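> Quick one: structure below, then a few questions.
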Amino acid sequence: TTRSPQFLGLDKNANLYPESNSVSEVIIGVLDTGVWPESKSFDDTGLGPVPSSWKGECESGTNFSASNCNRKLIGARFFSKGYEATLGPIDESKESRSPRDDDGHGTHTASTAAGSVVENASLFGYASGTARGMAARARVAAYKVCWAGGCFSSDIVAAMDKAVEDNVNVMSMSLGGGVSDYYKDSVATGAFAAMEKGILVSCSAGNAGPSPFSLSNTSPWITTVGAGTLDRDFPAYVSLGDAKNFSGVSLYRGKSLPGTLLPFIYAANASNSGNGNLCMTGTLIPEKVAGKVVFCDRGVNPRVQKGAVVKAAGGIGMVLANTAANGEELVADSHLLPATAVGQKSGDIIRKYLVSDPKPTVTILFEGTKLGIEPSPVVAAFSSRGPNSITPQLLKPDIIAPGVNILAGWSKSVGPSGLAIDDRRVDFNIISGTSMSCPHVSGLAALIKGAHPDWSPAAIRSALMTTAYTAYKNGQKIQDIATGKPSTPFDHGAGHVDPVSALNPGLVYDLTVDDYLNFLCALNYTPSQINSLARKDFTCDSKKKYSVNDLNYPSFAVVFDGVLGGGGSGSSVVKHTRTLTNVGSPGTYKVSISSETKSVKISVEPESLSFTGANEKKSYTVTFTSNGSAAPSSAEGFGRIEWSDGKHVVGSPIAFSWT
Amino acid sequence: VGDKKKTYIVHMAKYQMPESFEHHLHWYDSSLRSVSDSAEMIYAYNNVVHGFSTRLTTEEAQRLEAQPGILAVVPEMRYELH
Chain S
1 TTRSPQFLGL DKNANLYPES NSVSEVIIGV LDTGVWPESK SFDDTGLGPV
51 PSSWKGECES GTNFSASNCN RKLIGARFFS KGYEATLGPI DESKESRSPR
101 DDDGHGTHTA STAAGSVVEN ASLFGYASGT ARGMAARARV AAYKVCWAGG
151 CFSSDIVAAM DKAVEDNVNV MSMSLGGGVS DYYKDSVATG AFAAMEKGIL
201 VSCSAGNAGP SPFSLSNTSP WITTVGAGTL DRDFPAYVSL GDAKNFSGVS
251 LYRGKSLPGT LLPFIYAANA SNSGNGNLCM TGTLIPEKVA GKVVFCDRGV
301 NPRVQKGAVV KAAGGIGMVL ANTAANGEEL VADSHLLPAT AVGQKSGDII
351 RKYLVSDPKP TVTILFEGTK LGIEPSPVVA AFSSRGPNSI TPQLLKPDII
401 APGVNILAGW SKSVGPSGLA IDDRRVDFNI ISGTSMSCPH VSGLAALIKG
451 AHPDWSPAAI RSALMTTAYT AYKNGQKIQD IATGKPSTPF DHGAGHVDPV
501 SALNPGLVYD LTVDDYLNFL CALNYTPSQI NSLARKDFTC DSKKKYSVND
551 LNYPSFAVVF DGVLGGGGSG SSVVKHTRTL TNVGSPGTYK VSISSETKSV
601 KISVEPESLS FTGANEKKSY TVTFTSNGSA APSSAEGFGR IEWSDGKHVV
651 GSPIAFSWT
Chain X
660 VGDKKKTYIV HMAKYQMPES FEHHLHWYDS SLRSVSDSAE MIYAYNNVVH
710 GFSTRLTTEE AQRLEAQPGI LAVVPEMRYE LH
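So the sequences go chain by chain: S and X. Every letter in the first sequence is one number past the one before it in this note's numbering, and letter 348, counting from 1, is 348. Convert by adding 659 to the 1-based position in the second sequence; the result is the number in this note's numbering.
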């Protein structure tokens, strides 16, 4: 990627990370649509021999052979038996029955996590710069599990099975399914075993935001990653005939519009279809559209496809407007015709102009790439949000990372718009999603693994979470673009990743396999359900009192039962116990508590923890007391607990909810 | 509808494998054969799941789930890229 290394501070602090040696021993397995091995992001110049721990292979198939792997791309496998069992044999004229990426997504995620340094990278000149993965010297193993018809759990489990056997250190999975209990969810099941082997599994949170309860991949042994913006934008202004101008974004590059104002039409007025405003295939009347710029509403069909529909109907440009579902979030696309995307507010004004002016006109001015956009990051509207619908006492997402307008490697099998009619071929593409934020964290986890090879996946995640930031340098809280207001832990989890601080967190919240098994006991899972996940004969101790609240997680989700509005009679006191492990120098940490929720009293016992040696553990208990007489009108509230020795700040978000 | 085959992931209690079987794959196969003559294993899993995937009718899946040593018979889920 370009820009995100600078945005994350990796460029100024390169000497902090042991890039040359230990990180090159770290292997990131990327389960996705495969890989385009010829991408410069997988150039192995300067890398030493493949790590001796590696047991994987480079499988051959359609347009792919073992010679496509090298010292960077050390493994590539494909898993299609489940897909083919359901949908029939793969049509090899349309997709490669091999690890080769015909989609682009897998090449993008793999290069984001661990792509080599590539100078002069850009998409049509946009986002130009030196591209690199977060762990530029880590090794990549691609496991192709997603095909044109989808990603099937039987294939995903097979890939995870192999990735564990191959000895990957990090699994990056930018995919998700519907909401289901952990023992029924194949990714959660596979991730449990991976965690047992010391493999950190990083997954995307999903793109179903800003609706609450919209998360995927919510199990506690997975690191769940939401998406935020970079400080970069691609402005393309809309200039109307009434002299009003509006900000938009675009990645269009090609023949420009004439410098003059052009005829402008609302798609709904150029269609006989009830949903003509959406510019769906076959809905525009060419006679009404020809030679005009068309205004389309976002939704239902892909954004770039709307442009293709306008172009096919004879339109010469497009203005694409967000609706309430997307608000002011602008996602840039490499359209096939001059086009720009505008937010809901601008869209509403432009729409009024279109219906009120008898001869509306417009032009679009493309401004290229702008850096230093503030505020940044902001939480992407599409990023899935908590609470966690499976276990409300577990706060998810864990963290956010860059996931909007990310430039990374791409497949030469497909154009940057992903449309079949797009015959452009590019080395890099700019796309958005929690799919893009997940491999950022996968790569950063690999960097930490390289620096601290003995840390568990939970310790690495803890380091990333407790050092994440929730406010800008001016002290204002990170915004949620969906609302324009400060985001909450249900949106950003512990906050935005800060890899430089994560390298030296001071203290970590560690977790063992037994801790997770106790968590499953606390969920009242049956022996069969637990044993499906644990793959061993484990029985919960009937004499032991298990509590979800005691999972040693780096965040707090506090659920009060039945006291919303002060009328409930349920529990109003909730206790959480945590254990901190010293991974820094000896020191005394003192706690500080902040809360936006006056109706909850928070106390921590003890208020000070002294560590004299490495790996020393100290426990504390937090008591949350909801004051029924002053219970909030809202069903949620937020706070924060921080431990500090003056050098480190070990922060944990708190989310309260009342049921 | 009941006769239409779907893919399932079958979780086995490997630690309960009868001593009469020399290899867990033989036990998996025997369990599968007990409910279907035609079903084939799509994958046998060794590390993250003890079990296998196969295509079964709903009735076959229910009968398999009732067999000793079977922890769960989970219908295949389709995941999507984010």
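Ideal placement from N, C-alpha and C gives every residue a C-beta, glycine not left out. Computed from a predicted structure; not experimentally measured.
#1: Going by DSSP, what residue range makes up the beta strand (DSSP E) through residue 734(X)?
#2: Throw me the rounded Cβ distance for the residue 154(S) and residue 668(X) pair, which I believe falls under 8 Å.
#3: Would you mind sorting residue 662(S) into buried or exposed? The rule is 16 or more other CB atoms within 10 Å of its CB.
#4: Can you tell me whether DSSP reads residue 479(S) as helix, strand or coil?
#5: What do you get for residue 242(S), buried or exposed, if any count of 16 or more other CB atoms within 10 angstroms of its CB means buried?
#6: Can you give the Cα-Cα distance for residue 612(S) and residue 466(S), rounded to whole angstroms?
#7: Which residues mark the beginning and the end of the alpha helix (DSSP H) in which residue 399(S) is found?
#8: Per DSSP, what are the beta-bridge partners of residue 582(S) in this structure?
#9: Cβ of residue 443(S) within 8 Å of Cβ of residue 470(S)?
#10: Using a C-beta cutoff of 8 Å, does residue 738(X) count as contacting chain S?
#11: Looking only at its chain, what residues have a beta carbon closer than 6 Å to the beta carbon of residue 73(S), apart from the 5 residues adjacent to it on each side?
#12: Look up residue 58(S) in the DSSP assignment and say whether it is helix, strand or coil.
#13: Are the stretch 602 to 622 of chain S and the stretch 573 to 580 of chain S touching, with three or more C-beta to C-beta distances below 8 Å?
#14: Using a C-beta cutoff of 8 Å, does residue 536(S) count as contacting chain X?
#15: Hey, which unbroken runs of the beta strand (DSSP E) at 3 residues or more fall wholly within the stretch 1 to 56 of chain S?
#16: Closer than 7 Å by beta-carbon distance: list the chain X residues that pair up with residue 207(S), in chain order.
#17: I want to see whether chain S comes within less than 8 Å of residue 694(X), judged by CB atoms only; does it?
#18: Please report the distance separating the alpha-carbon of residue 566(S) from that of residue 652(S).
#19: Could you check what DSSP says for residue 602(S) in three-state terms: helix, strand or coil?
#20: By how many angstroms is the C-alpha of residue 701(X) removed from the C-alpha of residue 714(X)?
#21: If you follow the beta strand (DSSP E) that residue 643(S) is part of, which residue opens it and which one closes it?
#22: Below 9 Å on C-beta distance, what does residue 181(S) contact in chain X?
#23: Tell me, please, which residues DSSP counts as bridged to residue 245(S).
#24: Hey, out of 324(S), 284(S), 323(S) and 31(S), whose CA is closest to residue 306(S)'s CA?
#25: Report the neighbours of residue 85(S) on chain X: residues whose CB is nearer than 7 Å to its CB, in chain order.
#26: Exposed or buried, what is residue 735(X) when buried is set at 16 or more other beta-carbons lying within 10 Å of its beta-carbon?
#27: Who are the Cβ neighbours of residue 530(S) in its own chain at under 6 Å, not counting the five residues just before and after it?
#28: Name, please, each residue of chain X whose Cβ falls closer than 8 Å to the Cβ of residue 326(S).
#29: Please report how far the alpha carbon of residue 547(S) lies from the alpha carbon of residue 476(S), in whole angstroms.
#30: Of all the CB atoms in chain X, is at least one closer than 8 Å to the CB of residue 193(S)?
#31: Find the residues of chain S that neighbour residue 698(X), judging by a C-beta separation of less than 9 Å, and give them in chain order.
#32: Taking residue 707(X) as the query, report the chain S residues whose CB atoms sit under 7 Å from its CB, ordered along the chain.
#33: Distance cutoff 8 Å, beta carbons only. Does residue 678(X) sit that close to anything in chain S?
#34: Of the choices 268(S), 239(S), 610(S) and 274(S), whose alpha-carbon is the least far from that of residue 260(S)?
#35: Going by DSSP in three states, residue 69(S) sits in which element: helix, strand or coil?
Let me lay it out:
#1: Secondary structure note for residue 734(X): its beta strand (DSSP E) is the uninterrupted segment 729 to 734.
#2: 6 Å between Cβ atoms; contact.
#3: Absent from the structure is residue 662(S), since the part of chain S shown begins at 1 and ends at 659.
#4: Residue 479(S) falls in the strand class under three-state DSSP.
#5: Exposed.
#6: When rounded, the separation of the alpha-carbon atoms in residue 612(S) and residue 466(S) is 21 Å.
#7: Counting along the chain, residue 399(S) falls outside any alpha helix (DSSP H), though it belongs to the beta strand (DSSP E) covering 399 to 402.
#8: DSSP lists 507(S) as the bridge partner or partners of residue 582(S).
#9: No Cβ-Cβ contact shorter than 8 Å links residue 443(S) with residue 470(S).
#10: Interface residue, yes.
#11: So the qualifying residues of the chain are 37, 42 and 140.
#12: The answer is strand: DSSP assigns residue 58(S) an E or B state.
#13: At 8 Å Cβ cutoff, the stretches touch.
#14: Judged by the 8 Å Cβ criterion, residue 536(S) is in contact with chain X.
#15: Within the stretch 1 to 56 of chain S, the runs of beta strand (DSSP E) at least 3 residues long that lie entirely inside it are, in chain order, 27 to 32.
#16: Here the neighbours are 741.
#17: Proximity of residue 694(X) to chain S, defined by a Cβ-Cβ separation below 8 Å, is not satisfied.
#18: Reliability of the predicted coordinates at residue 566(S) is poor, the pLDDT of 43 falling under 50, and no value is obtained from them.
#19: DSSP places residue 602(S) in the strand class (E or B) of the three-state scheme.
#20: If you draw a straight line from the Cα of residue 714(X) to the Cα of residue 701(X), it comes to about 8 Å.
#21: Residues 636 to 644.
#22: For residue 181(S), there are no C-beta contacts with chain X under 9 Å, since the nearest C-beta of that chain is about 10 Å from it.
#23: Answer by DSSP bridge pairing, in chain order: 239(S).
#24: Cα-wise, what sits closest to residue 306(S) is 284(S).
#25: 666, 701 and 714, listed in chain order.
#26: With 16 or more Cβ atoms within 10 Å of its Cβ, residue 735(X) is classed as buried.
#27: In chain order, 520 and 538 place their CB closer than 6 Å to the CB of residue 530(S), counting only its own chain and leaving out the 5 sequence neighbours on each side.
#28: Simply none; closest approach about 16 Å.
#29: For residue 547(S) and residue 476(S), the distance between alpha carbons rounds to 35 Å.
#30: At least one chain X Cβ lies under 8 Å of residue 193(S).
#31: Contacts between residue 698(X) and chain S, judged by CB atoms closer than 9 Å, are missing: the closest CB pair is about 11 Å apart.
#32: Taking the beta carbon of residue 707(X) as reference, the chain S residues within 7 Å of it are 157, 160, 161, 164, 189, 190, 193 and 194, listed in sequence order.
#33: The beta carbon of residue 678(X) does not come within 8 Å of any beta carbon belonging to chain S, so the residue lies off that interface.
#34: It is 239(S) whose Cα lies nearest to the Cα of residue 260(S).
#35: In the three-state scheme derived from DSSP, where H, G and I count as helix and E and B as strand, residue 69(S) is classed as coil.
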